[in-house]
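Notes for the one structure printed next.
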Amino acid sequence: MTNIQVSTKINGDNCEFLCRPEETLLEVLRDRMGLTGTKEGCASGDCGACSVMLDDRLVCSCLVLGAEAQGRQVDTIEGMADGGELHPLQRNFIEHAALQCGICTPGFLIAAKALLDKNPDPTETEVRYWLAGNLCRCTGYDKIVRAVLHTAEEMRGTELG
Amino acid sequence: MAKIDRLEKTDGFRVVGTRPDRPDGVDKVTGRARFGADTFAPGMLIGKVLRSPHPHARIVSIDTTKAMALHGVKAIVTAQDFGEVPRAHKATLHNVMAHGKALYEGHAVAAVAAADVSIARKAVKLIDVEYEILPHVTDVDAAMAQDAPLLHEDNFTSGIDPKPEKPSNIDSFSEFGHGNIEDGFAKADIILEREFTTEAAHQGYIEPHACLATFSEDGNSEIWCTTQGHFLVRDTCAALLDIAESRLRVTASEIGGGFGGKTVVYLEPLALALSRKTGRPVKMVMSRSEVFRATGPTSSSSMRVKIGVTNDGKITAGDAHLNYQSGAFGGFIAMLGAMCAYACYSLENVRATGDEVLTNRPMQASYRAPGAPIINFAVESVIDELAGKLGIDPIDFRLMNAAKEGDRSSYGPKYDQIGLVKTLESARDHPHYQAPVAEGQARGMAVGFWFNFGGLTSISLNVNTDGTVTVSVGRPDIGGSRAAMCQMAAEALGIPYENVRTIIADTSSLGFNDTTDGSRTTFANGLAIIRAAQGAILEMCGRVAKIWDIPQDAVEWVDGFAKPCGPNAGDFEPMGIAEIARKTAQTGGPIAGHHEVNAEGAGVSFSAHIADVKVDEETGCTQICRYTVVQDAGKAIHPSYVEGQYQGGAVQGIGWALNEGYIYGDDGIMQNPGFLDYRMPVCSDVPMIEAKIIEIPNKGHPYGVRGVGETSIVPPLATIANAICSATGIRMTQIPMAPPVLLKAIEEHKKG
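Chains S and U are the protein sequences, given in the same order.
Everything in the first sequence is counted per this note's numbering, starting at 3 for the first residue and increasing by one.
Everything in the second sequence is counted per this note's numbering, starting at 903 for the first residue and increasing by one.
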């Protein structure tokens, strides 16, 4: 089967790859680009561990074909920190002990950032429903929700000066 | 001997009890941490498993000709590629790869290594297996019937004297208790006897099983894998492939959840066998469907519980029988369940018996406090019903019968210092229990027990030349334990938390370590770290004595510094660890401490849970409105991660209580092997989980630590069942209490 050549942008960098027609964006990121921060938990769009941004949209990369990245912008967990400085969500996840094993953490961070980009002042209920597409088996979600709410508050404070 | 800070303490902590950032935090929020599937090797092949589509079938023949002819296929292994193994490893081998019969849908029949994943998937489909389909059984009670299809024709129930004459699906029987049950029931004013069933729940870790195995021509092999115990992986794989343990080095990746489910090998021996056959590294990763169909889960069960009580609220006797379904191979979970059944209560007459029952389901694996939540659901439901009949507050009723220090436990040993009464009192006094129940809601509570374990432990602690410290431990960090290890080392040495780094060493770097399970890691590693630190301190005091040219016993260690002890010892400036470390070349070489122990004295723990629920009588859906966990930690080293264990265990229990369960059709095929249909709790299903830490020190640990990982999953099933009963008047005897099940019960209840 002929491979497809794809030109895309990942975490701000132009890149090209070849992939099989049926290969998912998740497989491309992990197995071809070495970006293993995006995790496979189910490969059926039910757990959110593979969450990435495709242009401005939060997607499960296991449900996107690699070929669909042509001409688009993909943002993964590896691009979330600004150089050596963690994104406030990343820092607060550590400070609030919002991870135990850490396998779901990249997906939660991508999803939470997508929420805060759209809604800088979410209620607890809004956080819980937005993150309902991401499974965490360790934490019971309590500290994740607190970390996201605290980050939102902190970032609003920053923006207000 | 130099004098050092007292090793054992229950107060005056400097680092223990604080909440520092975990040392692996940045790696895990940036995607840098490497989990099981996150590694690659040059020349690597991809392995895939062919699994039985039948729940029970004789394997007549396996023809690999077509698959091997596919371009890119390098090797196929079947049962024939494994030799005889010691008896203790037979079940593991036969689970890893079907021998003669496929015993459950999903049972591995062959494995392929190919140049890439797409070829491997195609090759698996080209393997031609001829099956003779056999009758199957997946239900625990049906499996115990006289005419049930037999899984193993040579299985005679163990634990019964005399040995049964006929083989059966009952793998083993166990019994615990003391006193005289009949006498106890004769003294009772009220006797309740109830029957319960529960369905199997999966551990549900988000990271599927994954490994990379490399077998070298010189006989030295390596495995990288996601596991709760890499020493267990090493020893098991070495036995299954008949290689020396010294020749196999296993490195544990970061682990994406386990909860008991990663205490068993599945892929590792197959990958190693494929690597041996091809001379290439072989990587294998399970799909989610494979995880559901071929790993874990916990037992399903049927149980009978009978409790007698006097009118003034004293329990006179407790009896229970547990039938736990253990999958295609035997287990020990009914035994653990029987031991836990009445562990919360001080009883003169108690008996609990358990049968491990073979069925055509995946081999049961431990799941967080294995066996305990199931029987706890049954016993705590009856306890709740009795409290109601007596008109006594449920917590007061439990307090009236609670186990205390010095009591003989229902499973045998006498209790040492335990925190059950304090835990119950704290639950009773908690703002949640004191608050009025909100309109439209109802409240339930239950209490639970788990043993906690210690076990084989080997650690080393190296003082680096700049005075920082590296601790090597041999148990994977599954929930932030490296932070607690660093804290205990820093506390014992008197140095800052930031100056200690803890790593998970591979199997060639330390002596054998028991698996990260049984809530043992913080207890057993911690105990060994504190003692290793003591060894390093003594060595450092000796070096300083040499530098100062005074006797070793004239040097003492205080707050991270060597000091002359008393004016007679001489007038020297205190010397810190950095200075001592810098001078090691002149004083005798590197400084280290190590400790090897079979750690005993893991203190048991108790957990009391309170839930407020709302039941939608039109849909049968139960909403958790408020939830509180009160649990004894002995000493919380890092309180945030202790709270995390309480919260996580509670939510797993909520999922098991309300939704999770294996669904089988008459065809013996699991119908919900994915996260859409096997529905675990999501963020919007649960409220914040209030976590209250009680600290009754465990005398078996220098800082009083008890394990905290498992007890929190024990009470939720009963807690929620009791709350549902308060809400609806219906005593649910079946788990999960999923909306269709509860709705049916509500409709029947309304009909009267």
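Ideal Cβ placement from N, Cα and C applies to all residues, glycine included.
Excluding the 5 residues preceding and the 5 following residue i in the sequence, name in chain order all residues of the same chain whose CB lies nearer than 6 Å to its CB.
| i | result |
| --- | --- |
| G1273(U) | I1235, L1238, G1239 |
| A45(S) | C64 |
| G1413(U) | S1360, E1498 |
| G163(S) | Its pLDDT being 48, under 50, G163(S) is placed unreliably by the model, and nothing is read from it. |
| L1292(U) | G1215 |
| P1037(U) | P1051 |
| K1229(U) | Residue 1229(U) is actually Gly in this sequence, not Lys. Around G1229(U): R1263, P1264, M1265, Q1266. |
| R1433(U) | H1497 |
| T980(U) | I964, A1012 |
| S1606(U) | The residue you asked about is not Ser; residue 1606(U) is Gly in the sequence shown. Taken in chain order, the residues that qualify are T912, G1536, K1537, P1599, N1600. |
| G1567(U) | Q1573 |
| T1635(U) | F1098 |
On a CA-only basis, which of the options is nearest residue i? Give me that one, please.
| i | options | result |
| --- | --- | --- |
| E1258(U) | T967(U), D1041(U), Q1554(U) | D1041(U) |
| V1215(U) | A1154(U), I1062(U), R1300(U) | According to the sequence shown, residue 1215(U) is Gly rather than Val. Checked all of A1154(U), I1062(U), R1300(U); the closest Cα to G1215(U) is R1300(U). |
| C106(S) | L1134(U), D1221(U), G1381(U), I1108(U) | I1108(U) |
| N1262(U) | Q1389(U), S1202(U), M1639(U) | S1202(U) |
| G1691(U) | Y1564(U), G1131(U), M999(U), S1509(U) | Chain U is shown from 903 up to 1654; residue 1691(U) falls before or after that span and cannot be answered. |
| I1406(U) | E1032(U), Y1247(U), N1470(U), E1156(U) | E1156(U) |
| A55(S) | L27(S), R34(S), M35(S) | Per the sequence shown, the amino acid found at residue 55(S) is Met instead of Ala. Of L27(S), R34(S), M35(S), the residue nearest in Cα terms is L27(S). |
| D144(S) | R1581(U), G1567(U), G1546(U) | G1546(U) |
| A1348(U) | T1212(U), I1626(U), T1424(U), W1459(U) | I1626(U) |
| D913(U) | I1539(U), A939(U), Q1336(U) | I1539(U) |
| N1303(U) | A1289(U), K1316(U), P1315(U) | A1289(U) |
| G109(S) | F95(S), Y131(S), N136(S), H89(S) | N136(S) |
| E1458(U) | M1442(U), Q1389(U), V1588(U) | M1442(U) |
Grab me the residues of residue i's own chain with a C-beta within less than 7 Å of its C-beta, minus the 5 sequence neighbours each way, in chain order.
| i | result |
| --- | --- |
| A969(U) | V975, I978, V1014, A1025, L1028, I1029 |
| A114(S) | L91, L133, V150 |
| V962(U) | E1032, Y1033, E1034 |
| K1646(U) | none |
| V1284(U) | L1094, R1096, V1207, I1209 |
| H1080(U) | V1252, R1310 |
Quick one: which chain U residues come within Cβ less than 9 Å of residue i?
| i | result |
| --- | --- |
| F95(S) | G927, K930, V931 |
| A51(S) | I1108, E1109, G1158 |
| Q7(S) | Per Cβ cutoff of 9 Å: no residues; Q7(S) is ~18 Å from chain U at best. |
Mind listing the chain U neighbours of residue i? Cutoff is C-beta to C-beta under 7 Å, in chain order.
| i | result |
| --- | --- |
| P108(S) | G933 |
| R59(S) | Under the 7 Å cutoff, chain U gives no residues; its nearest Cβ is about 20 Å from R59(S). |
| R130(S) | C1585, S1586 |
| L137(S) | I1108, F1577, M1582, V1584 |
Run through chain U and tell me which residues come within less than 8 Å of residue i, C-beta to C-beta.
| i | result |
| --- | --- |
| L111(S) | V931 |
| L88(S) | V928, V931, T932 |
Residues of chain S with a CB under 7 Å from the CB of residue i: which are they?
| i | result |
| --- | --- |
| A1340(U) | Those do not exist, as A1340(U) stays about 17 Å from chain S at its closest Cβ, beyond 7 Å. |
| V923(U) | Looking at the sequence provided, one finds Asp at residue 923(U) rather than Val. Those are I96, E97, listed as they occur along chain S. |
| A1070(U) | It should be noted that the sequence gives Ser, not Ala, for residue 1070(U). None at all; the shortest Cβ gap to chain S is about 36 Å. |
Counting only Cβ pairs nearer than 7 Å, list the residues of chain C close to residue i.
| i | result |
| --- | --- |
| L133(S) | Of the chains in the structure shown, none is chain C; the protein chains are S and U. |
Counting only Cβ pairs nearer than 9 Å, list the residues of chain S close to residue i.
| i | result |
| --- | --- |
| A939(U) | R32, T38, K41, E42 |
| I1380(U) | Q102, C103, C140 |
| R1190(U) | E42, G43, C44, A45, S46, D48, C49 |
| V1389(U) | Here residue 1389(U) is Gln; the residue named in the question, Val, does not match the sequence. Chain S residues near Q1389(U): none, gap ~13 Å exceeds 9 Å. |
For residue i, which residues from the same chain have a beta carbon less than 8 Å from its beta carbon, with the 5 sequence-adjacent residues on both sides left out?
| i | result |
| --- | --- |
| E24(S) | L67 |
Just to make sure I have the definition right: I need the residues of chain S whose C-beta is within less than 8 Å of the C-beta of residue i. Which are they?
| i | result |
| --- | --- |
| Q1454(U) | Near Q1454(U) there are no residues of chain S at all, since even the closest Cβ is about 42 Å away, more than 8 Å. |
Starting from the N-terminal side, write out each stretch of the beta strand (DSSP E) that is 3 residues or longer and does not extend beyond the region 1465-1546 of chain U.
Correct list: 1493-1501, 1507-1518, 1523-1534.
Margin query: Please list, in chain order, the residues of the region 1625-1641 of chain U that have any C-beta partner in chain S closer than 9 Å.
Written below: none
Check: Hey, which unbroken runs of the alpha helix (DSSP H) at 4 residues or more fall wholly within the region 43-108 of chain S?
Finding: Listed in chain order, the complete alpha helix (DSSP H) runs (minimum 4 residues) inside the region 43-108 of chain S are 90-97.
Would you list, in sequence order, the uninterrupted alpha helix (DSSP H) runs of no fewer than 4 residues that lie entirely inside the region 1184-1223 of chain U? 1190-1196
query = Which whole runs of the alpha helix (DSSP H) in the region 961-1040 of chain U are 4 residues long or more, in chain order?
reply = 967-971, 992-998, 1019-1028
Handout entry: Residues in the region 16-48 of chain S having any Cβ partner in chain U nearer than 9 Å
Key = R22, E24, E25, E29, R32, D33, G36, L37, T38, G39, T40, K41, E42, G43, C44, A45, S46, G47, D48
Worksheet item: For the region 1567-1598 of chain U, which residues have a beta carbon sitting closer than 7 Å to at least one beta carbon of chain S?
Response: G1576, F1577, L1578, M1582, V1584, C1585, S1586, V1588, M1590, I1591
Members of the region 141-156 of chain S that neighbour chain U once the beta carbon cut-off is set at 9 Å: T141, G142, Y143, D144, K145, I146, V147, R148
Discussion item. Closer than 8 Å between beta carbons: that is the criterion. Which residues of the region 71-86 of chain S meet it against chain U?
Written reply: T78, I79, E80, M82, A83
- Residues of the region 1530-1552 of chain U whose Cβ lies closer than 7 Å to any Cβ of chain S, in chain order: Result list: S1542, Y1543, G1546, Q1549, G1550, A1552.
3-residue-minimum beta strand (DSSP E) runs that sit fully inside the region 1560-1610 of chain U, ordered along the chain: 1591-1596
*Scan the region 1007-1039 of chain U for residues whose Cβ lies nearer than 7 Å to a Cβ of chain S and list them as they occur along the chain.*
Cβ contacts with chain S: S1020.
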